[in-house]
Every structure is written in C-alpha cells, then in structure tokens.
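Novice:
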Amino acid sequence: QVLAWGLRGLRGAVREPRLELQWEDQTLWTPVIKDFPSNPNFPTTTFLLTLTLPEEEQLVPPIRLRVWDRGNRELGVLVGQGCVRGLGQYRCRTPSLEQLPRQEQLPGPGDTGTGSYTVVSMPGTAHPCPHPWYHEEEEEVDWWSKFYMALEDKGEIQWGTNRDRLKIYGCELEAVPEFQGLQDFCQTFPLHKPGGPPMPGQDPEPVGEFKGLFCIYPLPEEPRVSPPPQHFQQLPPSKPQDCLVRVYIVRAFDLSPRDVTGLSDPYVRVSLGKRTLGQRDQYVPNTLEPVFGRMFEVTATIPLEKDLKVTLLDRDRLPPDQEIGSTSIDLENRLLSNHRAHCGLPTLHHTAGPAAWRDQLCPSRTLELVALTRGLPLPEFSPDGSAVTFNHRTFLLRHFESGPPTFRNPGPPRERLALHVLNLCPFVPEHVETRPLYSSAQPGLEQGKLQMWVDIFPANLGPPGPPVNIDPRKAEGYELRCVVWNVRDTDLGDINLLGQRMSDIYVTGWLDGLPEQRQHTDIHYRSRDGHGAFNWRFLFPFEFLAAEKLCAIGRREHIWNLDKTVLKVPPKLILQVWDNDKFKADDLLGILELDLTKLPHPALTPRLCKAMPWEPPSIPWPWCRTPALAPSPINLFRMRRVRGWWPCTVQEDGAQRISGKLELSLELLTAEEAEERPVGKGREEPNKYPVLLAPKRSKSSFLWLQSPLRLLRYGIRWRYCVWAGLALMAVLLLFLMHI
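One gets the working numbering by counting positions in the sequence shown from 1 and adding 5 to each.
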C-alpha cells in the first residue's frame, strides 16, 4: 500500500507534475497535480499494489521514483528521480490500537484505595504522593521557574501533584526515539537531478522531495479469507492549511565565537516562507551563552511554507553580520504526526495565569478528536467529570490526584481527567528541545546549540490560547548585611616578647565575583586565646536572578568595549580570618564560604560548631516510619535572616582542618527595603538594625601601648633588660668612636 501525499520544493518552473513508482516490472502512476504552486499534494493519495516478494530482506528490490512534469509536452520532462531501499522497515502488521493505554489493574469504585494498584504514566505525569510528611516548595511564579526546575530534576521522579513539569530534551524533537522522527504519518524522500552518477566524493544535486509512506503486509493464502483492513485510513485533509506559528527561542550555549575577543554578540532571525523576523539591535552582548527569551509569531500556509529556519547571527558594528549557525524545522511533519507534535501537552490544566491552557481545543475535546482519528468510540464522562471510559477502559480522577488540587487556577474535573488520560498516550509533552546549529561556511561542524520549541495552530480549529511569556527575568537588587560579632579558637600565628603565642586578628569579606567590594574589620590586637570581638557590619549590594539562582555582574572587560559583559556566578559570601603583621605579609588563619541559597545550619554555640556540611542526626523524625530525610539547607532568599556560628577551615596536608569559628548574623534585604532602612558600614552612622557598640577587649590586647617600665610587671625577666642595656651601650660607643 502506497501513501503518495505530495511533492515539495521542486526547482524550476514546474507546472503539472506527477509521480512514477516502479517496482520491478510494475509501475504506478499518480494523478497529475493540476495547480502545483497553490496545492502541491496529490488529488488521490492512497494506492494498492499486489506483489510477490522474496522472504529474504536482502533480495527485496528497491522502489524507483521519477517525477515528470507534463508541461506542454505530451510525454513530459523528467524533473527528478530517487530510490527507496531497505523496504523491510515498511513491513506492517494488522492495524491495531496498541499505542493507546491498555487495561490495567485499578481499584474499582468501591475500593478505599489502600490496596496495591498500577497507574500507567509517562514522564511528567503527576504521581500520588507516597510520603505524608512531604511538603512541596512554593509554586512557580513564571515559566522560567519551571524551566530551571526541569534542569535541576535531571530526569528524576518528582513526587507531588501541584507542580507543572517541563520536559527538556537534549536533542532535537525529531531525534527522540519514541516519536519516530515525527515521520510516522509520512516520510520525506529526497529527489535528485536526473543524469549519471555524481563524481566520487560528491553528493547528487537535490531538486525536491517526495512526501509519502509505504506499508507492506501479507495477504491471506486462502482465497476465502478476507484481506486485512487497509492502512492509511482517517487521513487529514490534503488541502493547504492556514496556521499560526509561534516560535519560542529560550537560549543558546556552546556557541562558536565570532569576535576577536573570543565572544559574540548574538541575535535571532526567524524565516518562514517570504517573511523574516528579528532585529539586529536586539542582541545579547559579549557572550557565548545568550539567554534570549523571545517569542516570534507568524502566519503560514502549510505545506506551501513548511520550512522554518532559525538563524543566529553575530552583530558587528558595521554590517554585514556574520552567521553563527542555523537550524531548519519541517513544520508539516509536526502538524501531521500522530504524536501530536504541534503543541506539547502540559501536566496540569490551568485556566489562567502563566501556565494557562494555550491549545485551541480543551483536553476533553482533544480526547474526542483522538478517538475519532483512531476509529474508537467517543469517550464517555460521568456527570461530575470524575470518571471516563476510553478505549474500553475506565479512568478515575482519584487515581491521578490524591486530593483536591492545590495548584493555582485549576480546571474543572472533566478537563483535568481528560488531560491525565492524554498524558498516558504517546504524545509530545510540554517540552524544550535542544537543536544543533550548523553553518554553510563550515558544513558538518556544529557551531553551538539552541533551546527552543514551536507551537502550530491550524486556523480551522479556532483561536489559540494566550502565548507563553518567556521574557528573561531581570536581575533584582539586593543588599546583604553581614555582622561579624566574634571569632573563637583561631590559630595563633605570632610570638610576643614574652614568648607567648598570639595573633592580631581581623576579618575580611566579599561576594564571589565582586572583589572590589572587599571589606575588613578593625584589628583585635594581641589575642592569646584565639578569641576576637568585632561587632562590625559588612554591606554588599548585588543583583540576583531568582530563576537561575545566580548573581548578575556587569562590567566592561576593556575600555574600548561599548557593552558590558554580564557574568553569572553563584551568590557566595567569602570570609577570611587573617593575622596582621607589621613587617611581613599577613598570615591567613581560615576561610569560610557560604552559598546564600544553600546555607548550612549554624550552631547555637561555639562548642557545637563543627565541620561542614552539617550532618543531620541519625534519629528518625517522630512522625516518620523510615529514617529521616536530611533537612534541606537554608535559603537566605526565603528566610531573610539567620544568626549563629560557622567553622572556618584551612588546607593542611591535602585535607581541610577547622582553624576557627565565626559568629555571624546575615540579613538579606531587597534594594527598596535597604533604602527604607539605611545603615552604615562598620560602626558608622546610621548605626542601627542593630546598634553596634565597640567591643570590650581584654588588657592583653593593648600591651603594645604600655610603657617599657610597666612591662616589667608582666614578667619580663631581668636578663632581657641586661642584654638590652649592653646593646644600647655598644651602639653609643660606636657612635662616639665615629665622632
């Protein structure tokens, strides 16, 4: 059985083409396409051939394809030709519905739900929560929260029913194995220029494509047995469709540099048919990992305008701009695929908000359409929408949702249940695909990767929902206020005149990536027990990207740069304890690095302060029947304020050793809050929130200020004075001799 869908991209002034398929001694001619520029599909699309084929796959002859343009000649002109080999891949069985969800062992209406049962699910489907003590984090506020959460998931199962799930594919959608290259409806066969074989090392010149598919299945040997049902039934209309296409460009990474600085200024250009979108002034400066967050909306007539091309260019001061790389997408394959690739299925049904339903048909109407295209009876919903019968199977809403929905703007039960059933089918989920970029200047060499997705909405199905807002998040201003209260048990790096070990302690601090903000406390002189008191405040303003959990730092790398280079680093506070020296370099006594998004729990007292990471006790929680889960670290952007003791360490013999303990209080404020509650650095005015008083330090800290006569009270031995007197007399004698 042959599905001859149409011809695409024929070069030259082709007027009335038709296709010839030759299989050994049998030839099949398709009808002539009367108006090829306005409709390149064949008026009749399905054909049947009865052949006698060898059982061995290697002996099956290929199919010869020839495209003829009748034009003004009676015999026509040969426009292109092709060959289809490996026909064994087209052997099919009797058409079945095995791709849809089958009957499973599920609890009946009278069950309490405590027995064992199996729920068929796909990645991204909501699961019943098995842990009663599990608490979901706060709900996402925009699409970027869902995107970065999907990056952190890394394919792991996430429990809970009140989160949307986004599937991020590390390849293009056509390369995902379960979607069959999106050529399950029809495949694309290249056509080449007629003539002799190409020169060695050269590919034949392409002249167009043939869209079609083959299905080979055995006929019964007994004549009385009826033949099996034919494939290629319930075909979509072959006329061109007007569609609204939304192209979402998320970000790119691993780009090949185009500037002498080793970076690029990339921007996006989208081409479909005769329309091109994208402006060169909307570029991202000085980066190889740009975050675009742009949506392009364009109308197209498919298949007349089916090839979507996305190009990344490097903006130069003087045009023309250099091309970084491009990728092409066949929109027709996505529109015709039975995997429903024109618009990904979300996990949850929202009626409003950032994750509002954007497809043209609601989930229940989509489920009815799936049943019609596959020859199934229409789904039957219960009056309250809590149960549905589809494909001879009954689904209950309580099998997918353990309780009332806790996410925002939930849809009615009927639509939520229909969406759960659709997610059990092999349909494309809500996703982001990663497409490689290639350049014609360097064919075959990848120039980077682009993360994006495409939504296609046929006009005959009605208006689509609102587009997804993927505008990049702007960095928000914050101010970190760090008060250094005390230091305990630091190493003693010096020896005083009494032969006692001591240190002149001070603390420095800065945020990672912002060394120009380095600040330091005053010096606690002559500490003989490793203790120091400071009561000193550090102030660190910075900009933070909440979705990426990174600090955005903009600076000009060189004086000639017109644009700032934006660096993204983790929000890490770095504190160092030093020993001050007068006649040599200061000695480093310890380092403390604190990630503000993953702070280890501080100790209440110095005695309880131990090495990080903080290890939870091995005693299970009172309400758990299993060993306790480790408490999650502190996110200062949520808690906003914390105080306690943290250990500082030094590297010694290839291992970390605790060299002191710092008492800190950390407070995080937004830029607006910091303006409303101003404070000064150190103990400067305005000294409040809290008020910092000068610490009361021991007398031993000020021995260097006391007179030499009073030093005798503290145990200086007489022989040191004798030697000092003799040395002084020797200096005087040399001076007199010189005179």
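Quick reminder that beta carbons are idealized off the backbone N, C-alpha and C, glycines included. Nothing here was measured: the structure is a model prediction, and the numbers come from that model.
1) Looking only at its own chain, which residues have a Cβ that is under 6 Å from the Cβ of Gln246, when we skip the five neighbours before and after it?
2) Please return the same chain residues whose Cβ sits closer than 6 Å to the Cβ of Pro434, not counting the five positions on each side in sequence.
3) Using alpha carbons as the reference points, say which of Ala590, Leu567, Glu690 lies closest to Asp270.
4) What residue range does the alpha helix (DSSP H) around Thr602 cover?
5) Buried or exposed for Thr439, going by 16 or more other Cβ atoms inside 10 Å?
6) Determine the direct distance from the alpha carbon of Lys554 to that of Leu613, and round the result to whole angstroms.
7) Going along the chain, which residues of its own chain have a beta-carbon closer than 7 Å to the beta-carbon of Lys198, five neighbours each way excluded?
8) Need the endpoints of the beta strand (DSSP E) that Glu438 sits in, please.
9) The alpha helix (DSSP H) with Thr378 in it runs from where to where?
10) With a floor of 3 residues, list each beta strand (DSSP E) that falls wholly inside the region 22 to 73, ordered by position along the chain.
11) Pick from Gln656, Ala676, Leu336: whose alpha carbon is nearest that of Gln188?
12) Buried or exposed: which applies to His743, given that a residue is buried once 16 or more other Cβ atoms fall within 10 Å of its Cβ?
13) Going by the CB atoms, is the gap between Tyr443 and Phe547 shorter than 8 Å?
14) DSSP three-state call for Ala9: helix, strand or coil?
15) Just the Cα atoms here: how many angstroms apart are Gln505 and Val512?
16) In whole angstroms, what separates the C-alpha of Gln235 from that of Leu249?
17) Residues in the same chain with beta-carbon distance under 6 Å from Ala423, minus the five sequence neighbours each way, listed in chain order, please.
18) Considering only C-alpha positions, which residue in the set Asn640, Arg533, Asn474, Leu741 is nearest to Leu502?
19) Quick check on Ala660: does DSSP put it in helix, strand or coil?
20) What does a CB cutoff of less than 8 Å around Gly453 pick up in its chain, not counting 5 residues either side in sequence?
21) Are Leu282 and Val275 touching if we call contact CB-CB under 8 Å?
22) Taking the alpha-carbon positions, what's the Val2 to Tyr694 distance?
23) Measure the C-alpha to C-alpha separation of Arg523 and Trp515 and round it to an integer number of angstroms.
24) Between Val489 and Leu667, how many whole angstroms is the CB-CB distance? I'm expecting something under 8 Å.
25) Counting pairs of Cβ atoms below 8 Å between the region 578 to 595 and the region 657 to 671, do you hit three or more?
26) When the Cα atoms are used, what is the spatial distance from Val7 to Val437?
27) For Gly93, which residues in the same chain have their Cβ closer than 6 Å to its Cβ, ignoring the five residues on either side in sequence?
28) Beta-carbon of Pro700 versus every beta-carbon of chain B: anything under 8 Å?
29) Based on the DSSP secondary-structure assignment, which residues constitute the bridge partners of Asp499?
30) DSSP state of Arg339, grouped into three classes?
31) Quick check on the burial criterion: 16 or more other C-beta atoms within 10 angstroms. Buried or exposed for Gln287?
32) Write down every uninterrupted run of the alpha helix (DSSP H) in the region 291 to 372 whose length is 4 residues or greater and which is fully enclosed by it, in chain order.
33) If you draw a straight line from the alpha carbon of Pro638 to that of Ala480, how long is it in whole angstroms?
34) Cα separation between Gly87 and Pro45?
35) Would you mind sorting Arg229 into buried or exposed? The rule is 16 or more other CB atoms within 10 Å of its CB.
36) Using a Cβ-Cβ cut-off of 6 Å (strictly less than) and excluding sequence neighbours within five positions of Arg413, which residues of its own chain qualify?
Specialist: For this structure:
1) Within the sequence shown, residue 246 is the residue found at index 241, counting from 1. For Gln246, where only same-chain residues beyond five positions count, the Cβ hits under 6 Å are Ile307, Pro463.
2) Taking the first residue of the sequence shown as position 1, residue 434 is located at position 429. The beta carbon of Pro434 sits closer than 6 Å to those of Gly129, Lys172, Gly349, Leu350, all from its chain and outside the five residues before and after it, given in chain order.
3) Stepping through the sequence shown from its first residue, residue 270 is reached at position 265. The shortest Cα separation from Asp270 among Ala590, Leu567, Glu690 belongs to Leu567.
4) In the sequence shown, counting from the first residue as 1, residue 602 sits at position 597. Element bounds for Thr602: n/a, residue is neither H nor E.
5) Translated into positions along the sequence shown, residue 439 becomes position 434. Buried, because 16 or more other Cβ atoms sit within 10 Å of the Cβ of Thr439.
6) As a working mapping, residue 613 is identified with position 608 in the sequence shown. As a working mapping, residue 554 is identified with position 549 in the sequence shown. The straight-line gap from Cα to Cα measures roughly 30 Å.
7) In the sequence shown, residue 198 corresponds to position 193, counting from 1. Closer than 7 Å at the Cβ level, and outside the excluded window around Lys198, lie Gly85, Pro209, Glu210, Val212.
8) Locating residue 438 in the sequence shown gives position 433, counting from the first residue. Per DSSP, Glu438 belongs to the beta strand (DSSP E) from 436 to 444.
9) What you label residue 378 is simply residue 373 of the sequence shown in a count that begins at 1. 368 to 378 is the extent of the alpha helix (DSSP H) around Thr378.
10) You should have 22 to 28, 31 to 34.
11) To locate residue 188, count along the sequence shown from 1; it is residue 183. The candidate whose alpha carbon is nearest that of Gln188 is Leu336.
12) On the sequence shown, position 738 is the one that residue 743 refers to. By the neighbour-count definition (other C-beta atoms within 10 Å, threshold 16), His743 is an exposed residue.
13) Taking the sequence shown and counting its residues from 1, the one referred to as residue 547 is at position 542. Taking the sequence shown and counting its residues from 1, the one referred to as residue 443 is at position 438. No, the Cβ-Cβ distance between Phe547 and Tyr443 is not below 8 Å.
14) Stepping through the sequence shown from its first residue, residue 9 is reached at position 4. Strand.
15) The count along the sequence shown starts at 1 and reaches residue 505 at position 500. The count along the sequence shown starts at 1 and reaches residue 512 at position 507. Rounded to whole angstroms, Gln505 to Val512 spans 22 Å at the Cα level.
16) Counting from 1 along the sequence shown, the entry for residue 235 is found at position 230. Counting from 1 along the sequence shown, the entry for residue 249 is found at position 244. Taking the straight line joining both Cα atoms gives about 33 Å.
17) Numbered from its first residue, the sequence shown carries residue 423 at position 418. Within its own chain, the residues whose Cβ lies closer than 6 Å to the Cβ of Ala423, once the five positions on either side in sequence are excluded, are Pro368, Ser369, Leu372, listed in chain order.
18) Walking along the sequence shown from the start, residue 502 turns up at place 497. Closest by alpha carbon: Arg533.
19) For this step, residue 660 is matched to residue 655 along the sequence shown. Looking at Ala660 - three-state DSSP - the assignment turns out to be strand.
20) Within the sequence shown, the letter at position 448 stands for residue 453. Contacts found: Ala257, Phe258, Asp259, Leu260, Ser261, Leu293, Leu317, Ile329, Gly330, Pro441, Leu442.
21) Mapped onto the sequence shown, residue 282 falls at position 277. Mapped onto the sequence shown, residue 275 falls at position 270. In this structure, Val275 lies closer than 8 Å to Leu282 by Cβ.
22) Absent from the model: residue 2. The displayed extent of the chain is 6 to 744, so no value can be given.
23) For the purposes of this step, residue 523 is taken as the residue at position 518 of the sequence shown. For the purposes of this step, residue 515 is taken as the residue at position 510 of the sequence shown. Their backbone Cα atoms lie some 5 Å apart in a straight line.
24) The residue you call residue 489 lines up with position 484 of the sequence shown. The residue you call residue 667 lines up with position 662 of the sequence shown. The pair is a contact, with the Cβ atoms about 7 Å apart (cut-off 8 Å).
25) yes
26) Translated into the one-based positions of the sequence shown, residue 7 becomes position 2. Translated into the one-based positions of the sequence shown, residue 437 becomes position 432. Taking the straight line joining both Cα atoms gives about 34 Å.
27) Sequence index remark: in the sequence shown, residue 93 carries index 88 (1-based). Taken in chain order, the residues that qualify are Glu62.
28) Within the model displayed, chain B is absent; a lone protein chain is all it includes.
29) Reading the sequence shown from its first residue, position 494 is the one you call residue 499. For Asp499, which the question treats as bridged, DSSP gives the partners Met507.
30) Mapped onto the sequence shown, residue 339 falls at position 334. In the three-state scheme derived from DSSP, where H, G and I count as helix and E and B as strand, Arg339 is classed as helix.
31) For the purposes of this step, residue 287 is taken as residue 282 along the sequence shown, with counting starting at 1. Looking at its Cβ environment, which holds fewer than 16 other Cβ atoms inside 10 Å, Gln287 is exposed.
32) 336 to 341
33) In the sequence shown, the residue the question calls residue 638 occupies position 633. In the sequence shown, the residue the question calls residue 480 occupies position 475. Separation of Pro638 and Ala480 (C-alpha to C-alpha, rounded to the nearest whole angstrom) is 23 Å.
34) Taking the first residue of the sequence shown as position 1, residue 87 is located at position 82. Taking the first residue of the sequence shown as position 1, residue 45 is located at position 40. Going from the Cα of Gly87 to the Cα of Pro45 covers about 18 Å.
35) Taking the first residue of the sequence shown as position 1, residue 229 is located at position 224. Flag for Arg229 reads exposed.
36) Along the sequence shown, read from residue 1 onward, the residue named residue 413 stands at position 408. In the same chain as Arg413, and ignoring 5 residues on each side of it, the C-beta atoms closer than 6 Å to its own belong to Gly358, in chain order.
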